[in-house]
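Input: a single structure, listed below in structure tokens.
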Amino acid sequence: MRAVPILGGLSRPSCYYSILCPTQQEADQFQKYFGCSTPHPSLACHADLCASSPCEGNCSETADGKNFTCSCSPGQALAANGYSCIDVDLCASSPCEGNCRETADSKNFTCSCSPGQALAADGFSCIDLCASSPCEGNCSETADGKNLTCSCNPGQALAADGFSCIDADLCANSPCAGSCSETEDGVNFICTCSPGQTLADDGFSCSDADLCANSSCEGNCSETEDGTDIICSCSPGQTLADDGFSCTVSGEDQFYLVTADADLCANSPCAGSCSETEDGVNFICTCSPGQTLADDGFSCSDADLCANSSCEGNCSETEDGTDIICSCSPGQTLADDGFSCTGELTLDGIRTNMLNTQIPTG
1 MRAVPILGGL SRPSCYYSIL CPTQQEADQF QKYFGCSTPH PSLACHADLC ASSPCEGNCS
61 ETADGKNFTC SCSPGQALAA NGYSCIDVDL CASSPCEGNC RETADSKNFT CSCSPGQALA
121 ADGFSCIDLC ASSPCEGNCS ETADGKNLTC SCNPGQALAA DGFSCIDADL CANSPCAGSC
181 SETEDGVNFI CTCSPGQTLA DDGFSCSDAD LCANSSCEGN CSETEDGTDI ICSCSPGQTL
241 ADDGFSCTVS GEDQFYLVTA DADLCANSPC AGSCSETEDG VNFICTCSPG QTLADDGFSC
301 SDADLCANSS CEGNCSETED GTDIICSCSP GQTLADDGFS CTGELTLDGI RTNMLNTQIP
361 TG
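Structure representation (structure tokens):
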């Protein structure tokens with residue numbers, strides 16, 4: 001469309017540039033003819049500058065309609081000639097503080113942070129996970145550095161929200177098998193066991209205690225029926241001392257206190273020989289050959305070895321009085337067991353047995 005000036009005679013009429021001229025040439029001639037410099041709605045037209053622009057990407061006219069500018073799509077940059085577009089590395093000049101990655105369409109980029117950091121609200125900066133954590137107590141990062149966990153100080157427990165800390169009843173969920181009590185500072189607990197039990201090395205479990213294992217009993221030790229205490233007693237010939245633990249050995253007008261490292265046989269009442277037991281807490285009396293130990297456990301008396309012998313026939317002691325010899329009457333033979341007799345008695349044998357048999361006299 002061609003504009004026709006209507007203000008004839010004006011040496012420098014105003015120009016109107018809002019109407020497109022048919023060609024750039026007509027526009028140029030029209031502008032030169034009138035020497036236009038100021039827009040006027042009735043005098044001129046202007047060309048579509050972008051219609052034949054060399055812009056490879058986008059073209060836009062300047063505000064005065066006398067020029068144009070070229071621009072490129074996201075992911076591209078304007079070349080030095082001002083017209084061409086070249087692919088660009090969007091991350092090369094990105095504001096990402098951590099890592100940068102282009103989107104699939106290469107028109108944009110996204111920022112991310114290294115493990116142990118989180119992306120700030122601006123979308124570019126990186127901050128430590130725990131630096132801005134909501135943890136009321138302690139904060140620690142997970143092993144992969146991608147998350148955080150909150151924990152509380154001793155005496156407190158983590159609330160259901162996973163961040164807050166509340167005063168804890170330490171004994172409420174304690175592993176104590178027996179009783180539980182908190183320490184005075186309220187930051188820990190102590191486990192104890194019922195009477196007759198001992199606390200295991202783990203500090204939590206309870207086991208039935210062998211109260212006598214470490215008792216002070218010098219002699220014998222036994223537990224009470226309820227398993228809460230011990231009773232000390234002494235071996236035969238000994239008396240329990242007033243302290244309830246020690247044992248004294250009595251002799252004629254003499255007493256001595258038996259101690260753990262004492263020679264138990266040094267002052268023993270044994271009439272014969274004395275020997276300590278393997279555990280070293282007692283002693284045993286024995287008598288010489290031909291003697292027997294009396295019921296008191298200490299005295300010795302000459303023994304009639306044949307009195308309770310197993311001889312079926314005749315019995316006689318050896319010369320040293322330490323053993324017996326069995327023999328049979330005439331007509332009989334001593335069996336291999338050394339005690340039994342086999343065979344029929346002869347007349348002499350019967351007489352011999354009669355002579356060896358004492359007939360009670362009235």
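Under UniProt numbering, the first residue of the sequence shown is numbered 1, with each subsequent residue one higher. Where is the CB? At the ideal position from N, CA and C, for every residue including glycine.
Within 7 Å, strictly: CB atoms of residue i and residue j
i	j	result
C91	C100	yes
residue 364	C85	Look at the range of the chain in this structure, 1 to 362, and you will see that residue 364 is not part of it.
residue 363	F68	The structure shown does not extend to residue 363, since the chain is modelled only from 1 to 362, so the question has no answer here.
P269	G290	no
G244	C232	yes
G313	G331	no
C191	F163	no
A109	S94	Ala is not the amino acid found at residue 109; the sequence shown has Phe there. A contact, by the Cβ cut-off of 7 Å.
C111	C96	yes
C315	F298	no
L264	E276	yes
I325	S309	no
residue 375	C300	No answer is possible for residue 375: it lies beyond the span of the chain, which begins at 1 and ends at 362.
Outcome for residue i when other beta-carbon atoms lying within 10 angstroms are tallied against a minimum of 16
i	result
S329	buried
E218	buried
A63	exposed
G145	exposed
A118	buried
A27	At A27, the pLDDT of 48 sits below 50, so the modelled position is not reliable; the number obtained from the coordinates is stated separately. By the 10 Å Cβ count, A27 comes out buried.
F34	Note that F34 scores 45 on pLDDT, short of 50, meaning its location in the model is unreliable; the coordinates nonetheless yield the value given after this. It is buried - the Cβ of F34 has at least 16 other Cβ atoms within 10 Å.
S327	exposed
S246	buried
Residue i versus the options, residue with shortest Cα-Cα distance
i	options	result
P154	G145, N138, F163, D161	N138
residue 367	L148, E278, C152, C306	Lying outside 1 to 362, the shown extent of the chain, residue 367 is not represented and no answer is given.
E272	E278, S94, F283	According to the sequence displayed, residue 272 carries Gly and not Glu. If we check each option's Cα against that of G272, F283 comes out closest.
D210	N173, D202, S222	S222
C206	C72, C176, T142	C176
D167	S179, C150, V187	V187
E56	N81, S316, C265, K66	N81
T248	V281, N58, D226, T277	V281
G227	A200, A241, D208	D208
L199	I127, G178, A121, L264	G178
A172	V88, F189, L240	F189
E102	P74, D320, G196	P74
K107	D87, C126, T224, D202	D87
Y83	P115, C50, C341	C50
L293	T142, C274, C311	C274
S215	G203, Q156, D229	D229
Q156	E225, D185, F124	D185
A241	P115, N220, T333	N220
D105	A120, G321, D89, E141	D89
P195	E225, L158, T333	E225
C306	F339, A335, L334	F339
A116	D128, C165, D296	For the sequence presented, residue 116 should be read as Gly rather than Ala. Closest by alpha carbon: D128.
A79	S133, N58, D296	N58
F204	S181, C212, A213	S181
C-beta neighbour in chain D for residue i, strict 7 Å
i	result
G338	No chain D is part of this structure, which consists of one protein chain only.
Residue i - partner residues in DSSP beta bridges
i	result
N99	S112
F163	BP columns for F163 are empty, so no partner.
T277	Answer is none; T277 lacks a bridge partner.
S71	N58
L148	E141
D87	Q76
A118	I127
L211	In DSSP, L211 forms no bridge with anything.
Q291	D302
L240	C247
E182	F189
L334	C341
T228	For T228, which the question treats as bridged, DSSP gives no partner whatsoever.
E317	I324
N220	S233
A92	Paired residue(s): none; A92 is not in a bridge.
F283	E276
Any non-hydrogen atom of the ligand SAM closer than 6 Å to residue i Cβ
i	result
S132	Of the ligands one can find in the structure shown there are none, so the ligand SAM has no counterpart to examine.
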